[in-house]
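J.:
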Amino acid sequence: MSNVVVIGTQWGDEGKGKIVDFLTPQADIVVRFQGGPNAGHTVVVGDKKTILHQIPSGILHPTTRCVIGNGVVLDLEQLLVEINELKKQCYFQNESALLISGNAHLIMPYHKQIDVARERRKGNAKIGTTGRGIGPAYEDKVSRCGIRVSDLLDDALFKSKVHENLEEKNCYLQHFFNESPLDPTDVIERYISMREGIVQFITDTSSFLIDAIRSNKKILFEGAQGALLDVDHGTYPFVTSSNTVAAQAAIGSGIGPHHLHVILGIAKAYTTRVGSGPFPTELHDTLGEMLRKKGGEFGATTGRPRRCGWFDIPLVRYAARINGLTHLALTKLDVLSGLKKIKICVGYRCKGEILEVATPHATVLPLCEPVYHECEGWDDDLSNISSFDDLPEPAKEYIKFIEHHIELPVIIISVGVKRNQIISLQHPFAL
Ligand code: GDP
Ligand code: IMO
Ligand code: MG
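If you read the sequence shown in this note's numbering, its first letter stands for residue -12, the second for the next number, and so on.
#1: Whole-angstrom Cβ separation of Asn57 and Gly239, contact assumed at under 8 Å?
#2: Three-state secondary structure (DSSP) at Val261?
#3: Looking only at its own chain, which residues have a Cβ that is under 6 Å from the Cβ of Val404, when we skip the five neighbours before and after it?
#4: At which residues does the alpha helix (DSSP H) containing Ala84 begin and terminate?
#5: In whole angstroms, what is the alpha-carbon distance linking Val(-7) and Gly2?
#6: Could you name the residues whose beta carbon sits closer than 5 Å to any heavy atom belonging to the ligand MG, keeping them in chain order?
#7: Between the alpha carbons of His314 and Ile386, how many angstroms are there, rounded?
#8: Locate the alpha helix (DSSP H) running through Tyr97, then write down its first and last residues.
#9: Are Leu47 and Tyr78 touching if we call contact CB-CB under 8 Å?
#10: Whose C-beta lies closer than 7 Å to the C-beta of Arg293 among residues of the same chain, with five residues either side of it excluded?
#11: Of the residues Leu412, Leu215, Asp368, Leu378, which one's Cα is nearest the Cα of Thr346?
#12: Check each candidate in Phe388, Pro171, His162 and name the one with the smallest Cα separation from Ser147.
#13: Which of the three DSSP states is assigned to Val322 in this structure?
#14: Grab the span of the alpha helix (DSSP H) containing Pro301 for me, first residue to last.
#15: Would you mind stating whether Ala199 and Ile400 have Cβ atoms separated by less than 8 Å?
#16: Give every residue of the same chain whose Cβ lies closer than 7 Å to the Cβ of Ser411, excluding the five residues on either side of it in the sequence, and list them in chain order.
#17: Which ranges does the alpha helix (DSSP H) cover as unbroken runs of at least 4 residues, wholly within the segment 143 to 210, from first to last along the chain?
#18: Could you have a look at Ala316 and say whether DSSP puts it in helix, strand or coil?
#19: Let me check understanding here. Comparing Cα to Cα, which of Thr318, Gly290, Leu153, Ile389 lies closest to Asn25?
#20: How would you label Lys319, buried or exposed, when you count the other beta carbons within 10 angstroms and need 16 or more for buried?
#21: Can you look up Ser44 in the DSSP assignment and give me helix, strand or coil?
#22: Following a CB-centred definition, is Val18 positioned closer than 7 Å to any heavy atom of the ligand GDP?
#23: Comparing the CB of Thr192 with every heavy atom of the ligand GDP, is any distance shorter than 7 Å?
#24: Exposed or buried, Lys440, counting other C-beta atoms within 10 Å across all chains shown (16 or more means buried)?
#25: Please classify Asp62 as buried or exposed, where buried requires at least 16 other C-beta atoms within 10 Å of its C-beta.
#26: Tell me the residue span of the beta strand (DSSP E) that contains Arg294.
#27: Would you mind stating whether Arg336 and Ile393 have Cβ atoms separated by less than 8 Å?
#28: Is His220 near Ile300, with beta carbons less than 8 Å apart?
#29: Nearest to Ser83 by alpha carbon, out of Gly339, Gly89, Val54, Ala256?
#30: For Gly115, is the beta carbon positioned less than 7 Å from some heavy atom of the ligand IMO?
#31: Using CA coordinates, which residue listed in Arg108, Leu39, Cys295 is at the minimum distance from Thr273?
#32: Helix or strand or just coil, what does DSSP make of Gly4?
#33: Can we count Val261 as close to the ligand IMO, meaning its CB is less than 7 Å from some heavy atom?
#34: May I ask whether a heavy atom of the ligand GDP can be found less than 7 Å away from the beta carbon of Gly89?
#35: Hey, how far is the Cα of Tyr223 from the Cα of Ala417?
#36: Quick one: give me the first and last residue of the beta strand (DSSP E) that Pro123 is part of.
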C-alpha cells in the first residue's frame, strides 16, 4: 500500500497540478502540507481551466477528500473566493470534501502589507515574492505570535491576539515603511464575518489522516513550489519561506515519515523560474522567448512572465538528493518539438572545477557556467501520443538521457495541458 508525495524538482510551476489531477482517481485523500496562496496549480479538464491556490488539486474529483494541513499558511479571503469559483464551475458540491487543520496559520492583512512594503523598499534587491504575505506569516508562526485557524473559534482569544499583534505591526508599518496602520476592530470584524464560510471544515486533520492510513486509504501529498525554493535547501535568500521538500509532507500534515512511500519528483523538460535569484541555464535570447510563448510560461498566481532556460541535470540531481526522490515525471515535453538541437546542462564549470551536483548557494551558483550536451531535436507534434513507443526516437533519447544522468526512472511523461495528454509507464500507487 503506497502513499505518494508529488514534489517540484526545480523552481516551481513544473506541472504539479496536472500530475496531481492525473493521480487523484487512484487516491482517497489529497493533502496540501506547506505554502499557501503563493502556489498556482493549473488543471485543464476539457476546455475548462482551473487554477488552485490553496485547495488541493484533487478537489476536481467529486469523491476525493482534500486536506489543508497544519503546515499551510491560509488566506481566508482568497480561500472563500476559491471555494466560490469552484462551486460556480460545478466542482466541490459536497462540503465534506474539504478539511482544514485548526493548526494551520492565518495570513493576516498586515502580513500582506509587510510583504509588499518590504519588497518595494528592497528595490532591485527584491526577492520577487508573490506579495501574498507568505514570508511574514511564517515569521510569526516561528516567533510564536501567529494566529492559527482554530483561534478563530474563540472570540476572546482571537481578539486579544489581533490586538497584541497590531500593537507591534502598526509600529513597524508606520515607522519603518511609512505605511498606514490597521484598525484592530476592522480586522477582527472582517475575520469574524468570514469565519462562517469555513467553520465547518476545521478539524484535527492529523488524526483524520492517521485513521485513514489505518483503514488502508491511499494518500497523495501535493507539494507546492519546488526544491530550489526550499527555505533551507534552495537558492537562499531567493526562496520561499517554507520547507518545500518531501520530508515536510510528514511535518505539514501531522503523520510519521514512514507513511511516505513513493516520492515522485516533477520535472519540466526545460527550466523556468519566476522572481529573482540565480538561474545558470537561463536563456536571454529568442529561444527563451520561444519557450515562454510556446509553453505559456506566465505565472499562474501573479501573471508575471517566467524566466526560461535549458534542463539542468545538476539541479535536478540535487533535488533528487534533498527529497529522496524515488521516481520522476517529466512534463511539457511537447513544448520542445520543432527545435533542431536541444541543449541539456550536464555539469557546471565553477572556480576551475567541474560540479556534477548543484550547490545552490547564492554566492556560488552565479559563478557556475553550465557545461552543455547537445541532443537531437524532433519536429513531430507530441500532443496526441499516448505510448512511449510512439514517441520520435530523439524524444526517447532525451528522456533516457535524463533518466541515466539523474539515476531515476521517468514513469510519467506529460505532452500537453489536458488530462488525457499523458504517457503513463508505471502508476505510482501500484508500485
Ligand atoms: P504547478 O504550479 O507545478 O502546478 O504548475 P503551473 O500550473 O503553475 O504551471 C504549469 C503550466 O503548464 C500550466 O499552465 C499547465 O496547464 C501547463 N502544463 C502542464 N503540463 C503540461 C504539458 O505537458 N504540456 C504543456 N504544453 N503544458 C503543460
Ligand atoms: P507553485 O506551487 C513558482 C517564488 C516567488 C519568489 C519566491 C518567494 O505554483 O509551483 P513567496 O511569495 O513565496 O514569498 O515568494 O518564490 N514562488 C513560486 N514560484 N511557483 C510557485 O508555486 C511559487 N511560489 C513562490 O516567485 O521568487
Ligand atoms: Mg504554479
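All C-beta atoms, glycine included, are put in the ideal place defined by N, C-alpha and C.
T.: Reading it off the structure:
#1: 6 Å
#2: coil
#3: Val31
#4: Counted as a single uninterrupted DSSP element, the stretch harbouring Ala84 is not any alpha helix (DSSP H), since DSSP gives it neither H nor E.
#5: 10 Å
#6: Asp0, Gly27, Ala287
#7: Taking the straight line from one Cα to the other gives about 13 Å.
#8: 96 to 109
#9: yes
#10: In its chain, beyond the 5 residues on either side, Asp0, Thr259, Arg260, Val261, Arg279, Glu284, Phe285, Gly286 have a beta carbon closer than 7 Å to the beta carbon of Arg293.
#11: Residue Leu215 is the option with its Cα nearest to Thr346.
#12: Put simply, of Phe388, Pro171, His162 the residue whose alpha carbon is nearest the alpha carbon of Ser147 is Pro171.
#13: helix
#14: 300 to 310
#15: no
#16: Ile399
#17: The qualifying runs are 171 to 182, 192 to 201.
#18: The three-state reading of DSSP puts Ala316 in strand, counting E and B together.
#19: Gly290
#20: buried
#21: helix
#22: no
#23: In terms of side-chain proximity, the C-beta atom of Thr192 is found no nearer than 7 Å to any non-hydrogen atom of the ligand GDP.
#24: As shown, the chain starts at -12 and ends at 418. That puts residue 440 outside it, with no answer to give.
#25: buried
#26: 294 to 296
#27: Not closer than 8 Å, so no.
#28: Between His220 and Ile300, the C-beta gap is not smaller than 8 Å, which leaves the two residues out of contact.
#29: Val54
#30: yes
#31: Taking only the C-alpha atoms, the option nearest Thr273 is Cys295.
#32: helix
#33: Yes, the Cβ of Val261 comes within 7 Å of a heavy atom of the ligand IMO.
#34: Taken from the Cβ of Gly89, every heavy atom of the ligand GDP lies 7 Å or farther away.
#35: Going by the C-alpha atoms only, they are around 36 Å apart.
#36: Note, Pro123: premise wrong, no beta strand (DSSP E); alpha helix (DSSP H) at 121 to 129.
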